[in-house]
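Here's the structure we're looking at; comments come further down.
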């Protein structure tokens, strides 16, 4: 298009026929034809509007380099420019995006990112995989959603009395004080695990309801009451029954009973308390001690070792012809706990414990049954007392 044709076009489109307008168009068109290359047609409406039908405008077409600036207003002096050092576009003022902002690469924000909307959607295109909210490029800690659940790459600290709530807010985990962790639920806390390892005390203000076993624990009877627990649900433990020797009766068999029985005790460390038989006869004299012992209500069975019975005794004299002791244990049916000969002619010049294992064949008492212990003491006098000393007596059993 020639200068004259361009001038005619401008004049026809705006119906401007003044000589000054025609001359201005000719002069401007001459200038543009020399310094600038435009496609097709250029329309100039006034000194504030410049329109182009072309789809592109090249700034710095001669590639002189440096920053390339599109400035808005001489006094306003705001611009969009290409930063040749930072190798990126720079806006000197805020950018108000009233539609969608589609960023295919990374969005690097040097200041604070303020989002007025109520939501920030990650993975908007539903590409799947791990969805990460990353904290720090070098730190690289993140909150991740892997398609099934959220994970933190590092610890999560809830400061002060802040809590994590579940469902309707009646269930929560928190810390009401330093050193304390609170688990709060409206109805129930369900711990579904093969083992709960408690290294400290369990402080319960309510009831402990269990469907399993308590193993390896000692329940102090002074501070606890066990209600409605059948004996069959408990495991028996080894116990000792110390027999009260004051509940004895003394019998004479009608022959050689010229003797007396005295209660005495020693002094010092672990002294023995005992009955001693004394006589003034040179021939052996005897008295029979009878004990009726009731087994505890928690009795289950006698032990499987050889200490079902333990009996402390000693003698003065030279041997069992000077003094001796016979002991026998029977049930209500007269069945012996051990062969009668095992507990005969006991003699020792120092305190000794006689132990024996009950047969538990014919002899098989139950809880609250009575057993009968017979101790026959023999003594004599040969210028001095040759006496038997009947000491402490205990039974070992398994019970509850």
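Numbering (our numbering), first residue to last: 77 to 476. All C-beta atoms in this analysis are idealised placements derived from N, C-alpha and C, irrespective of residue type, glycine included.
Through-space distance from residue j to residue i, alpha-carbon basis
| i | j | result |
| --- | --- | --- |
| residue 443 | residue 428 | 29 Å |
| residue 148 | residue 185 | 24 Å |
| residue 373 | residue 262 | 42 Å |
| residue 322 | residue 258 | 56 Å |
| residue 338 | residue 376 | 35 Å |
| residue 143 | residue 165 | 10 Å |
| residue 161 | residue 199 | 33 Å |
| residue 419 | residue 412 | 11 Å |
| residue 190 | residue 205 | 27 Å |
| residue 330 | residue 422 | 22 Å |
| residue 291 | residue 244 | 37 Å |
| residue 325 | residue 449 | 11 Å |
| residue 214 | residue 232 | 19 Å |
| residue 348 | residue 336 | 20 Å |
| residue 136 | residue 150 | 20 Å |
| residue 171 | residue 270 | 59 Å |
| residue 277 | residue 183 | 54 Å |
| residue 237 | residue 279 | 22 Å |
| residue 223 | residue 254 | 36 Å |
| residue 235 | residue 173 | 38 Å |
| residue 404 | residue 417 | 9 Å |
| residue 282 | residue 242 | 23 Å |
| residue 139 | residue 133 | 14 Å |
| residue 352 | residue 334 | 14 Å |
| residue 212 | residue 275 | 39 Å |
| residue 268 | residue 384 | 43 Å |
| residue 286 | residue 296 | 18 Å |
| residue 303 | residue 246 | 32 Å |
| residue 178 | residue 225 | 28 Å |
| residue 289 | residue 272 | 12 Å |
| residue 328 | residue 284 | 58 Å |
| residue 195 | residue 159 | 33 Å |
| residue 208 | residue 188 | 19 Å |
| residue 210 | residue 176 | 23 Å |
| residue 300 | residue 340 | 39 Å |
Contact test: residue i Cβ vs the ligand ATP heavy atom, cutoff 7 Å
| i | result |
| --- | --- |
| residue 141 | Although the ligand ATP was asked about, the structure shown includes no ligands whatsoever. |
Check whether residue i and residue j have beta carbons under 8 Å apart
| i | j | result |
| --- | --- | --- |
| residue 474 | residue 345 | no |
| residue 476 | residue 464 | no |
| residue 461 | residue 392 | yes |
| residue 431 | residue 451 | no |
| residue 368 | residue 472 | no |
| residue 456 | residue 355 | yes |
| residue 362 | residue 395 | no |
Cβ neighbours of residue i in the same chain (closer than 6 Å, five flanking residues each side left out)
| i | result |
| --- | --- |
| residue 229 | 217, 218 |
| residue 407 | 439, 441, 447 |
| residue 110 | With a pLDDT of 41 at residue 110, under the threshold of 50, the modelled position of this residue cannot be trusted, and the question is left open. |
| residue 145 | 155, 157 |
| residue 468 | 388 |
| residue 251 | 257 |
| residue 240 | 249 |
| residue 306 | none |
| residue 227 | 220 |
| residue 409 | none |
| residue 193 | none |
| residue 360 | 454, 456 |
Proximity winner among the options, relative to residue i (alpha-carbon distances)
| i | options | result |
| --- | --- | --- |
| residue 294 | 234, 158, 310 | 310 |
| residue 197 | 396, 171, 221, 412 | 221 |
| residue 415 | 425, 173, 398, 433 | 433 |
| residue 169 | 181, 156, 160 | 156 |
| residue 382 | 360, 436, 282, 332 | 436 |
| residue 400 | 254, 384, 425 | 425 |
| residue 180 | 201, 187, 174 | 201 |
| residue 366 | 340, 402, 284, 380 | 402 |
| residue 153 | 140, 187, 159, 167 | 167 |
| residue 141 | 163, 132, 203 | 163 |
| residue 350 | 390, 300, 301 | 390 |
Same chain only: Cβ atoms within 7 Å of residue i, ignoring 5 sequence neighbours per side
| i | result |
| --- | --- |
| residue 371 | 441, 443, 444, 445, 447 |
| residue 470 | 316, 317, 318, 319, 386 |
| residue 342 | 348 |
| residue 379 | 314, 472, 473, 474 |
Proximal residues to residue i (C-beta, below 8 Å), its chain only, five neighbours per side dropped
| i | result |
| --- | --- |
| residue 458 | 358, 393, 398 |
Supposed contact pair residue j and residue i - C-beta distance, whole angstroms, cut 8 Å
| i | j | result |
| --- | --- | --- |
| residue 248 | residue 265 | Not confirmed; about 11 Å, so no contact. |
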